[in-house]
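Just add 34 to wherever you are in the sequence shown, counting from 1, and you've got the working numbering.
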Amino acid sequence: MKLQLSSTSFHDFTAQPVGGLSSARLMELLQKYDRPGPRYTSYPPATEFKAMTAGVYLDALERQSAQLGDLEPLSLYIHIPFCASPCFYCGCNKIITRNRANVRQYLDHLRKEMALLRLQSNVYRRPVTQLHWGGGTPTFLEDAELTELVHLTAHYFNLQAREDRDYSIEVDPRTVTRERIDLLRGLGFNRISLGIQDFDERVQKAINRVHGFDEIVELVETIRTRGFSSLNFDLIYGLPLQTVETIQETLRQVIALSPDRISYYSYAHLPERFPAQRAIDAQDLPTPAQRLEILTTIIDTLTGAGYLYIGIDHFVKNSDSLALAKAQGKLRRNFQGYSIDKAADLIGLGVSSISTAGNVFAQNEVQLERYYQALDANQLPIARGVVSGEEDALRCEIIEQLSCFRALDISGIERDYCIDFNEHFRLLLPELEQFERDGLIMWQKQKALTVTADGTLLLRNICMAFYGYLDRGAPIRPLFSRAI
Ligand code: SF4
């Protein structure tokens with residue numbers, strides 16, 4: 035494969051193909067830049083949260099209500115932590131159980147959390163334009179429980195029936211039938227994210243998550259005919275037994291099913307942190323060089339099939355609203371990945387969920403017992419968080435611009451944040467100059483910085499340069515996955 039090295043302008047860059055590097059160049063970049071880094075779903079990231087009381091969060095909600103009013107859109111996230119069996123690659127906050135009584139107890143506490151929030155803030159008045167159920171496995175809930183949770187949410191919040199709402203749910207294909215898809219549509223969900231991960235049977239067995247291709251075909255057909263406005267596939271690369279050849283076959287099947295969006299995450303093997311991963315034999319994992327080759331195969335194949343690579347891990351059809359948002363400069367990145375920001379604030383409900391209100395990030399207790407204890411004591415279960423300051427906002431904006439547009443409007447940043455970029459980031463200049471020498475960025479000093487096609491493969495590393503909390507030179511922290 036040969037790379038089409040980019041020498042493009044800011045405006046036409048996103049149309050450029052990515053990948054095709056010679057293997058020598060791949061290895062050179064890999065040795066130099068493959069190091070752990072955060073995924074940048076938010077800044078500051080959750081790893082930097084410190085102890086916080088519910089009062090700080092409630093004050094922030096009150097300020098937002100006073101400032102924005104009751105018509106300001108709101109985003110809701112509900113976390114369902116239960117799963118029937120462990121997927122060996124999993125790093126999520128989940129509880130493996132077959133005991134249905136757990137769900138009853140959890141729904142009762144979710145009700146209490148919603149009631150407390152309604153009692154203590156006016157946020158319930160705001161129209162919920164975005165709703166997302168994640169996990170765990172939301173479809174671990176039975177039909178009556180799914181219905182109950184939607185009714186609960188509608189009772190305590192201002193759910194919307196309007197067509198442009200984004201109400202999405204993560205679906206484990208092993209837990210749904212055609213009838214359950216019908217139910218979800220009837221309950222008001224209009225976006226579905228199917229957790230596929232990989233279609234290769236040997237890979238599926240190695241990660242303890244087996245489902246047939248034919249079952250997925252049937253589900254996709256149902257989703258297509260029931261009026262869902264968007265279908266996303268979650269996939270993972272870097273899994274045991276994956277090779278360029280198996281990935282090519284999985285990609286062929288994915289493209290045949292034509293999802294509107296594809297999230298292709300990089301597997302982070304951190305068995306010391308996630309016990310389920312100890313079931314994976316490290317010998318079966320692709321080498322770093324293979325991972326990079328797999329990544330370039332994914333990017334080349336999906337962009338060749340008409341998908342737009344919108345940035346870190348995500349691809350969308352050119353007709354998708356995210357593609358339009360990117361073209362219009364309205365793409366955002368938040369805790370749920372890329373989005374079109376319709377809501378200023380996010381209310382997270384359930385164990386470990388994260389909320390944002392203005393400049394306050396607040397996370398619920400991550401342990402189920404502690405989450406229950408707080409609610410049983412009639413307290414919101416906020417445990418940790420951060421109040422982001424001016425410097426955080428500046429770095430967040432830079433990282434978001436790079437993640438969403440692979441470009442940085444330096445003069446705009448200087449104007450909006452009243453800084454001299456070179457002076458403010460003088461300690462970073464040698465690193466940026468190194469990126470430039472390595473062909474990862476094009477840098478018009480004082481004006482703009484553009485990530486090249488080569489640099490796109492290392493976008494997380496480029497973002498990392500602006501990450502104020504990374505302790506350069508410190509030993510590698512096991513909290514983060516590698517950049518590739
Ligand atoms: S990957 Fe999803 S379904 Fe599998 S164990 Fe983790 S949270 Fe549960």
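Just so you know, even glycine gets a beta-carbon here, dropped at the ideal spot from N, CA and C.
These numbers come from a predicted model, not from an experiment.
(message) Which complete alpha helix (DSSP H) runs does the stretch 193-233 hold, if anything under 4 residues is left out?
(response) 212-220
(message) For A58 and I289, I'd like the C-alpha separation in whole angstroms.
(response) Within the sequence shown, numbered from 1, the residue matching residue 58 stands at position 24. Within the sequence shown, numbered from 1, the residue matching residue 289 stands at position 255. Between A58 and I289, the C-alpha separation is close to 30 Å.
(message) the ligand SF4 and G446: does any heavy atom of the ligand fall closer than 6 Å to the residue's C-beta?
(response) As a working mapping, residue 446 is identified with position 412 in the sequence shown. No, Cβ of G446 sits at least 6 Å from all heavy atoms of the ligand SF4.
(request) List the residues that DSSP assigns as beta-bridge partners of L492. (result) As a first step, residue 492 must be located in the sequence shown, where it is residue number 458. Answer is none; L492 lacks a bridge partner.
(request) Could you name each continuous alpha helix (DSSP H) segment of 4 residues or more that falls completely within the stretch 70-148, going from the start of the chain to the end? (result) 88-102
(message) Need the endpoints of the beta strand (DSSP E) that V288 sits in, please.
(response) By one-based count along the sequence shown, residue 288 stands at place 254. No beta strand (DSSP E) contains V288, which is instead part of the alpha helix (DSSP H) from V278 to L291.
(message) Would T123 and I281 be called neighbours here (beta carbons separated by less than 7 Å)?
(response) Against the sequence shown, residue 123 aligns to sequence position 89. Against the sequence shown, residue 281 aligns to sequence position 247. Checking the sequence, you will find Tyr at residue 123 rather than Thr. Judged by beta-carbon spacing, I281 lies beyond the 7 Å limit of Y123, meaning their Cβ atoms are not closer than that value.
(request) Please report how far the alpha carbon of G169 lies from the alpha carbon of Y405, in whole angstroms. (result) As a position in the sequence shown, residue 169 is number 135, starting the count at 1. As a position in the sequence shown, residue 405 is number 371, starting the count at 1. Cα-Cα distance, rounded: 16 Å.
(message) Would P322 and L493 qualify as a contact pair, given that the criterion is a beta-carbon distance under 7 Å?
(response) As a working note, residue 322 is residue 288 in the sequence shown. As a working note, residue 493 is residue 459 in the sequence shown. Result no, Cβ atoms of P322 and L493 do not sit closer than 7 Å.
(request) Decide yes or no for the touch test of the stretch 124-138 against the stretch 368-379: beta carbon pairs closer than 8 Å, at least 3 of them. (result) no
(request) Note down, in chain order, each residue of its chain lying with its Cβ closer than 8 Å to the Cβ of N456, except the 5 sequence neighbours on either side. (result) Along the sequence shown, read from residue 1 onward, the residue named residue 456 stands at position 422. The residues are L463, K479 and Q480.
(message) If you reduce the DSSP assignment to three classes, tell me which class I453 lands in.
(response) To locate residue 453, count along the sequence shown from 1; it is residue 419. Three-state result, I453: coil.
(message) Measuring straight from C-alpha to C-alpha, what distance separates L285 and I332?
(response) Translated into positions along the sequence shown, residue 285 becomes position 251. Translated into positions along the sequence shown, residue 332 becomes position 298. Distance between the alpha carbons of L285 and I332: 7 Å.
(message) Measuring only the C-alpha atoms, how far is P78 from L150?
(response) Sequence index remark: in the sequence shown, residue 78 carries index 44 (1-based). Sequence index remark: in the sequence shown, residue 150 carries index 116 (1-based). When rounded, the separation of the alpha-carbon atoms in P78 and L150 is 27 Å.
(request) Write down the C-beta distance between R440 and T390 rounded to the nearest angstrom, noting that I regard them as a contact closer than 8 Å. (result) By 1-based counting over the sequence shown, the position of residue 440 is 406. By 1-based counting over the sequence shown, the position of residue 390 is 356. Between T390 and R440 the Cβ distance is about 24 Å, and since that is not below 8 Å, they are no contact.
(request) Closer than 6 Å by C-beta to D347: which residues in its own chain qualify, once you throw out the five before and the five after it? Chain order, please. (result) The residue given as residue 347 occupies position 313 in the sequence shown. These residues qualify, in order along the chain: S297, Y298 and Y299.
(request) Tell whether a beta-carbon distance below 7 Å holds between V210 and T173. (result) Within the sequence shown, numbered from 1, the residue matching residue 210 stands at position 176. Within the sequence shown, numbered from 1, the residue matching residue 173 stands at position 139. Against a cut-off of 7 Å, the Cβ pair of T173 and V210 comes out as a contact.
(message) Please tell me whether V162 and F191 are closer than 7 Å, where the distance is taken between their beta carbons.
(response) For the purposes of this step, residue 162 is taken as residue 128 along the sequence shown, with counting starting at 1. For the purposes of this step, residue 191 is taken as residue 157 along the sequence shown, with counting starting at 1. Taking 7 Å as the Cβ cut-off, V162 and F191 qualify as a contacting pair.
(request) Could you say which of I314, A357, N352 and F233 lies nearest to C438 if we only look at CA atoms? (result) What you label residue 438 is simply residue 404 of the sequence shown in a count that begins at 1. Of I314, A357, N352 and F233, the smallest CA-CA separation from C438 is found for A357.
(message) Given 6 Å as the limit, tell me if T181 has its C-beta closer than that to any heavy atom belonging to the ligand SF4.
(response) The count along the sequence shown starts at 1 and reaches residue 181 at position 147. It does not: the Cβ of T181 is nowhere closer than 6 Å to a heavy atom of the ligand SF4.
(message) Can you check which of these residues, A361, G419 and G345, is closest to A487 by C-alpha distance?
(response) Numbered from its first residue, the sequence shown carries residue 487 at position 453. Comparing alpha carbon positions, the residue from A361, G419 and G345 closest to A487 is G345.
(message) Applying the 10 Å Cβ sphere with the 16-neighbour rule, what's the burial state of K360?
(response) Numbered from 1 along the sequence shown, position 326 holds the residue referred to as residue 360. With a threshold of 16 other beta carbon atoms within 10 Å, K360 meets it and is buried.
(request) Identify whether P322 lies in helix, strand or coil by the three-state DSSP scheme. (result) Walking along the sequence shown from the start, residue 322 turns up at place 288. It is helical.
(request) Put F247 into one of helix, strand or coil per three-state DSSP. (result) For the purposes of this step, residue 247 is taken as the residue at position 213 of the sequence shown. F247 falls in the helix class under three-state DSSP.
(request) Output the boundary residues of the beta strand (DSSP E) element that contains Q397. (result) The residue you call residue 397 lines up with position 363 of the sequence shown. Its beta strand (DSSP E) spans residues V394 to N398.
(message) Using C-beta distances below 6 Å, list every residue in its chain close to C430, excluding the 5 sequence neighbours before and after it, in chain order.
(response) For the purposes of this step, residue 430 is taken as the residue at position 396 of the sequence shown. Same-chain partners within the cutoff: Y77.
(request) Indicate whether I112 and L383 have their beta-carbon atoms separated by less than 7 Å. (result) Residue numbering aside, residue 112 sits at position 78 when the sequence shown is read from its first letter. Residue numbering aside, residue 383 sits at position 349 when the sequence shown is read from its first letter. Taking 7 Å as the Cβ cut-off, I112 and L383 qualify as a contacting pair.
(message) Buried or exposed, going by whether 16 or more other CB atoms sit within 10 Å of the CB of T256?
(response) On the sequence shown, position 222 is the one that residue 256 refers to. The residue is buried, with at least 16 neighbouring Cβ atoms inside 10 Å.
(request) Could you check the C-alpha separation between G167 and D315 for me, to the nearest Å? (result) Counting from 1 along the sequence shown, the entry for residue 167 is found at position 133. Counting from 1 along the sequence shown, the entry for residue 315 is found at position 281. The sequence given here has Trp at residue 167, not Gly. Roughly 32 Å separates the two Cα atoms.
(request) Between the Cα of V184 and those of R212, G220, F500 and L336, spot the shortest distance and give me the residue it belongs to. (result) Reading the sequence shown from its first residue, position 150 is the one you call residue 184. Ranking the options by Cα distance to V184, first place goes to G220.
(message) Would R312 and P305 qualify as a contact pair, given that the criterion is a beta-carbon distance under 7 Å?
(response) Residue 312 sits at position 278 when you count from the first residue of the sequence shown. Residue 305 sits at position 271 when you count from the first residue of the sequence shown. Against a cut-off of 7 Å, the Cβ pair of P305 and R312 comes out as a contact.
(message) Is the beta carbon of L442 closer than 7 Å to that of L483?
(response) By one-based count along the sequence shown, residue 483 stands at place 449. By one-based count along the sequence shown, residue 442 stands at place 408. Yes. Within cutoff.
(request) Pull up the distance between the alpha-carbon of S41 and that of C121, whole angstroms please. (result) Position 7 of the sequence shown holds residue 41. Position 87 of the sequence shown holds residue 121. Below a pLDDT of 50, predicted positions are generally treated as unreliable, and S41, at 28, falls in that range; no measurement from the model is reported.
(request) May I have the straight-line CA-CA distance separating L110 from F459, to the nearest angstrom? (result) Here residue 110 is taken as the residue at index 76 of the sequence shown, counted from 1. Here residue 459 is taken as the residue at index 425 of the sequence shown, counted from 1. Going from the Cα of L110 to the Cα of F459 covers about 36 Å.
(request) Inspect the beta-carbon positions of R418 and F83 and report whether they are closer than 7 Å. (result) Here the question's residue 418 lines up with position 384 in the sequence shown. Here the question's residue 83 lines up with position 49 in the sequence shown. Yes, they are a contact pair.
(message) Can you determine whether any heavy atom of the ligand SF4 sits closer than 6 Å to the C-beta of G168, and answer yes or no?
(response) Counting from one through the sequence shown, the residue named residue 168 turns up at place 134. Not so, every heavy atom of the ligand SF4 lies at least 6 Å from the Cβ.
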